[in-house]
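Protein sequences appear in the order of chains A and B. This note's numbering numbers the first residue of the first sequence as 482 and each following residue consecutively. This note's numbering numbers the first residue of the second sequence as 9 and each following residue consecutively. Heads up, the beta-carbon is just placed ideally off N, CA and C, and yes, glycines get one too. In this text, all values refer to a predicted model and were calculated from it rather than measured experimentally.
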Amino acid sequence: MPDWVDPPLEVTNVIKDYPGNVRALDQVSFRIAPGERACLLGPNGAGKTTLIRLLTGALSPSHGQVRLFGLSVESDAFLQARRRVGIVPQLPGMYRDFTVSDYLHLVRDLYGRGDIAEVVEVFGLGPYTRRPMAELSGGTQRRLSLAAALLGSPDVLLLDEPTVGLDPVSMRDVHAFLRRVMAGRTVLLCTHNLTEAEALCESAIILRQGRVVLHERISALRQRAPALLALRAAQGPERLLAALSELGTDGRREEDEVLIPAPEPTTQAPELLRRLLAVGVDVYECRIVTPSLEQLFLDIVGAPHGRA
Amino acid sequence: MAAREVRILFRKELRQLLRNRGAMLTALFLPLLMILIMPMAQISSMSSGKLHDLHLPEGLQLPPGLAELRNDPRAMLWFILTPLVATGCLMCPAVTASYTFISEREARTLELLVALPVRVGHILTAKLLAILALAVPVCLALLSVDAVLLLSRGLGPLSYVLTLGVMLLTALACSTSTALLVSLLARDFRSASNLNGLILGPLILGSFGLMAVLPGPTLAAGVLAALYAIAAGVTTLMALRVVTFERLLR
Numbered sequence: 482m483p484d485w486v487d488p489p490l491e492v493t494n495v496i497k498d499y500p501g502n503v504r505a506l507d508q509v510s511f512r513i514a515p516g517e518r519a520c521l522l523g524p525n526g527a528g529k530t531t532l533i534r535l536l537t538g539a540l541s542p543s544h545g546q547v548r549l550f551g552l553s554v555e556s557d558a559f560l561q562a563r564r565r566v567g568i569v570p571q572l573p574g575m576y577r578d579f580t581v582s583d584y585l586h587l588v589r590d591l592y593g594r595g596d597i598a599e600v601v602e603v604f605g606l607g608p609y610t611r612r613p614m615a616e617l618s619g620g621t622q623r624r625l626s627l628a629a630a631l632l633g634s635p636d637v638l639l640l641d642e643p644t645v646g647l648d649p650v651s652m653r654d655v656h657a658f659l660r661r662v663m664a665g666r667t668v669l670l671c672t673h674n675l676t677e678a679e680a681l682c683e684s685a686i687i688l689r690q691g692r693v694v695l696h697e698r699i700s701a702l703r704q705r706a707p708a709l710l711a712l713r714a715a716q717g718p719e720r721l722l723a724a725l726s727e728l729g730t731d732g733r734r735e736e737d738e739v740l741i742p743a744p745e746p747t748t749q750a751p752e753l754l755r756r757l758l759a760v761g762v763d764v765y766e767c768r769i770v771t772p773s774l775e776q777l778f779l780d781i782v783g784a785p786h787g788r789a
Numbered sequence: 009m010a011a012r013e014v015r016i017l018f019r020k021e022l023r024q025l026l027r028n029r030g031a032m033l034t035a036l037f038l039p040l041l042m043i044l045i046m047p048m049a050q051i052s053s054m055s056s057g058k059l060h061d062l063h064l065p066e067g068l069q070l071p072p073g074l075a076e077l078r079n080d081p082r083a084m085l086w087f088i089l090t091p092l093v094a095t096g097c098l099m100c101p102a103v104t105a106s107y108t109f110i111s112e113r114e115a116r117t118l119e120l121l122v123a124l125p126v127r128v129g130h131i132l133t134a135k136l137l138a139i140l141a142l143a144v145p146v147c148l149a150l151l152s153v154d155a156v157l158l159l160s161r162g163l164g165p166l167s168y169v170l171t172l173g174v175m176l177l178t179a180l181a182c183s184t185s186t187a188l189l190v191s192l193l194a195r196d197f198r199s200a201s202n203l204n205g206l207i208l209g210p211l212i213l214g215s216f217g218l219m220a221v222l223p224g225p226t227l228a229a230g231v232l233a234a235l236y237a238i239a240a241g242v243t244t245l246m247a248l249r250v251v252t253f254e255r256l257l258r
């Protein structure tokens with residue numbers, strides 16, 4: 482019997498080689514704790530989709546272990562663990578000869594449980610149950626994928642770019658559904674959309690060239706990068722930079738504003754403003770800029786050897 | 009006993025195959041032509057009048073498979089009927105499989121299936137079983153018509169008809185395993201058709217060749233049955249070991 486105290490998702494020293502000496506993953510290790518909502522980030526070709534496919538059991542690792550609830554992919558009982566995981570694949574094709582209802586029945590039969598009427602209502606699929614899957618709009622297809630993933634009331638959700646290719650309205654709808662269904666579940670969200678990752682997840686795993694370069698809480702990640710003060714002056718950014726230099730403070734220009742590192746902005750900002758006004762620089766705007774996940778991500782994947 | 013997942017996926021595959029006009033036409037037309045219409049034409053020509061000995065030129069060297077033609081004109085029927093049945097059975101599942109495997113791969117619907125709690129092996133097994141479930145009854149039913157006519161009109165011994173039945177089953181197994189290999193190797197319908205031709209063409213020509221080399225229709229059909237069974241095993245092993253299912257997802 483599986484041991485349910487094991488982490489829901491665990492990847493240990495995984496190497497995945499494809500034919501032609503293509504190494505998609507190189508010694509990847511991480512574990513997702515129960516209830517953790519993690520995002521899997523990385524540039525194109527970093528190995529994110531390969532990792533998701535390994536976790537689903539669709540691919541086997543060349544080396545190392547992939548475990549769901551302590552059960553390895555090779556284990557006979559692996560499917561028991563798989564039935565506790567709902568997966569939203571990345572841009573899947575849709576059957577022309579299968580209706581929404583046919584598909585949901587197939588999913589329910591394979592999970593061995595689930596209330597079709599409930600997910601149809603929750604995801605607003607009522608008007609589409611007799612429609613062929615391929616005839617649904619992109620947003621409705623994504624809602625169907627989410628409904629299928631949640632039909633078996635899974636403890637874990639694997640979401641592979643669930644909003645890619647959607648228009649802003651559909652994306653907002655899917656985000657609303659995700660916020661609702663992610664609560665209380667262990668989630669691994671693979672995405673390119675860093676705003677989405679920041680809004681929905683509490684920790685981040687960053688992959689680069691098949692390696693995990695970071696697995697950390699987003700809040701802790703933010704603490705590592707100091708906040709910035711963004712200043713605008715009536716005399717323009719060049720005069721502002723010169724005045725800052727005279728005051729012994731380094732800054733960098735970004736369009737018509739100047740950014741200054743400020744680990745403690747609430748105490749640093751008033752003093753700096755007083756001194757700038759005193760030397761005749763008319764600062765008309767000062768705001769605190771917290772580095773976005775996007776900036777942190779770019780810092781990490783842009784670095785020659787990554788960080789962490 | 010198949011896994012629960014295979015049974016559920018098998019029902020899905022069968023339902024989709026039955027709804028697919030292209031697959032159904034292929035599954036029915038080729039066997040209908042090869043196993044029923046062409047053999048029926050031959051059988052009816054053999055039974056339309058009294059069988060006459062063939063007057064073959066003196067000194068004509070016949071291959072062992074046709075040597076009996078000097079004494080028994082039915083040898084020509086057996087010489088053609090056996091590979092015709094084999095051809096129908098070899099082509100039917102292979103072509104039907106292109107619809108179920110390649111269309112799923114091209115439409116990226118395989119991604120939907122692997123997101124469900126199943127193994128890739130379950131998906132492939134269910135597809136192959138669905139193809140067989142469609143092909144075996146159709147081919148067996150058509151052959152049974154031939155069998156009744158052959159036996160009732162004294163055009164073939166019982167041993168030959170029974171061996172023909174066994175050959176039909178092994179040819180279907182061979183074709184199904186070939187379909188698995190082709191589906192793993194092919195990128196699209198076009199390359200699947202090319203690969204099918206590349207694999208099945210020599211197999212079909214070889215079957216005619218063997219009929220010419222082996223004396224007696226029962227022995228020839230038996231040898232063909234054994235060869236198809238071996239080919240089925242080798243092709244399945246190649247597909248599972250060498251090519252692997254991962255190609256379907258790449």
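Return the CA-CA distance between residue 576 of chain A and residue 583 of chain A, expressed in angstroms with no decimal places.
-> 10 Å
(request) Would you mind sorting residue 765 of chain A into buried or exposed? The rule is 16 or more other CB atoms within 10 Å of its CB. (result) Looking at its Cβ environment, which holds fewer than 16 other Cβ atoms inside 10 Å, residue 765 of chain A is exposed.
Residue of A:540, A:547, A:684 minimising C-alpha distance to residue 516 of chain A = A:684
Residue 47 of chain B to residue 74 of chain B, Cα distance in whole Å? 18 Å
Checklist entry - Three or more C-beta pairs closer than 8 Å, one from the stretch 667–684 of chain A and one from the stretch 726–745 of chain A: is that the case here? => result no
Margin query: Buried or exposed for residue 789 of chain A, going by 16 or more other Cβ atoms inside 10 Å?
Written below: Low local confidence applies: a pLDDT of 37 at residue 789 of chain A is under 50, so the model's placement there is unreliable, and no value is given.
Only counting the same chain, and skipping five residues up and downstream in sequence, which positions put a Cβ closer than 6 Å to that of residue 493 of chain A?
510, 545, 546
**Asked** Taking 8 Å as the CB-CB limit, is residue 601 of chain A close to chain B?
**Response** no
**Message:** Quick check on the DSSP output: the beta strand (DSSP E) that includes residue 513 of chain A runs from which residue to which?
**Reply:** 503–513
Classify residue 571 of chain A as buried or exposed, calling it buried when 16 or more other Cβ atoms lie within 10 Å of its own Cβ.
buried
>> Suppose the cutoff is 6 Å on Cβ atoms and the five residues either side in sequence are ignored; what does the same chain contact list for residue 171 of chain B look like?
In response: 226, 229, 230
Check your understanding: Using the beta-carbon count (16 or more within 10 Å), is residue 534 of chain A buried or exposed?
Key -> buried
Count the other CB atoms within 10 Å of the CB of residue 111 of chain B; is the residue buried (16 or more) or exposed (fewer)?
By the neighbour-count rule (16 or more Cβ atoms within 10 Å), residue 111 of chain B is buried.
Just to confirm the assignment, what range does the alpha helix (DSSP H) spanning residue 749 of chain A have? 746–759
Check your understanding: Between the stretch 88–108 of chain B and the stretch 38–45 of chain B, are three or more C-beta pairs nearer than 8 Å?
Key -> yes
| Is any beta-carbon of chain B found at less than 8 Å from that of residue 498 of chain A? | Residue-level contact check: residue 498 of chain A does not touch chain B, since none of the beta carbons of chain B fall below 8 Å from its beta carbon.
Cα-Cα separation, residue 248 of chain B to residue 239 of chain B:
14 Å
Worksheet item: When you compare each of B:115, B:177, B:205, B:200 to residue 152 of chain B by their alpha carbons, which one comes out closest?
Response: B:177
### residue 637 of chain A versus A:768, A:699, A:666, residue with shortest Cα-Cα distance
In this structure, A:666 is the residue among A:768, A:699, A:666 with its C-alpha nearest to the C-alpha of residue 637 of chain A.
### Message
Quick test of your reading: residue 208 of chain B and residue 194 of chain B, contact by CB under 8 Å. State the CB separation rounded to the nearest angstrom.
### Response
In fact, because the Cβ distance is near 13 Å, the residues do not count as touching under 8 Å.
| message | I need the straight-line Cα distance from residue 746 of chain A to residue 559 of chain A, nearest angstrom please. | response | If you take the alpha carbons of residue 746 of chain A and residue 559 of chain A, they lie about 51 Å apart.
- Could you name the residues that DSSP lists as bridge partners for residue 713 of chain A? A:766
*Return no unless some Cβ of chain B is closer than 8 Å to the Cβ of residue 539 of chain A.*
In terms of beta-carbon proximity, residue 539 of chain A lines the interface with chain B, with at least one pair separated by less than 8 Å.
Beta carbon proximity, residue 115 of chain B to chain A, threshold 8 Å: Interface residue, yes.
Measuring from the CB of residue 551 of chain A, is there a heavy atom of the ligand NAD at a distance below 7 Å?
Only the bare structure without any ligand can be found here, which leaves the ligand NAD out of the picture.
If the criterion is Cβ atoms closer than 8 Å, does the pair residue 643 of chain A and residue 623 of chain A meet it?
yes
Take residue 502 of chain A as the anchor and find which of A:537, A:543, A:514 has the nearest alpha-carbon. A:543
Checklist line | residue 129 of chain B, DSSP secondary structure in three states | finding: helix
Boundaries of the alpha helix (DSSP H) in which residue 654 of chain A is found, first to last residue = 649–663
>> Is residue 765 of chain A close to chain B? Criterion is C-beta to C-beta, closer than 8 Å.
In response: no
query = Using a Cβ-Cβ distance under 8 Å, would residue 483 of chain A count as near chain B?
reply = With a pLDDT of 45 at residue 483 of chain A, under the threshold of 50, the modelled position of that residue is not reliable, and no figure is offered here.
Checklist entry - Taking the C-alpha atoms as reference points, what is the distance between residue 482 of chain A and residue 641 of chain A? => result Caution applies to residue 482 of chain A, whose pLDDT of 44 falls short of 50 and renders its modelled position unreliable; the model cannot decide the point.
Answer with buried or exposed for residue 700 of chain A, where buried requires no fewer than 16 other C-beta atoms within 10 angstroms of its C-beta. exposed
Go ahead and pull the three-state DSSP assignment for residue 786 of chain A.
Legend: pLDDT at residue 786 of chain A = 45, less than 50; position of this residue unreliable, value from coordinates given subsequently. Coil.
- Message: Contact criterion: CB-CB distance below 8 Å. Does residue 127 of chain B meet it with respect to chain A?
- Response: Contacts with chain A at 8 Å (Cβ-Cβ) include residue 127 of chain B.
Task: Residue of A:721, A:504, A:627, A:529 minimising C-alpha distance to residue 736 of chain A - done: A:721
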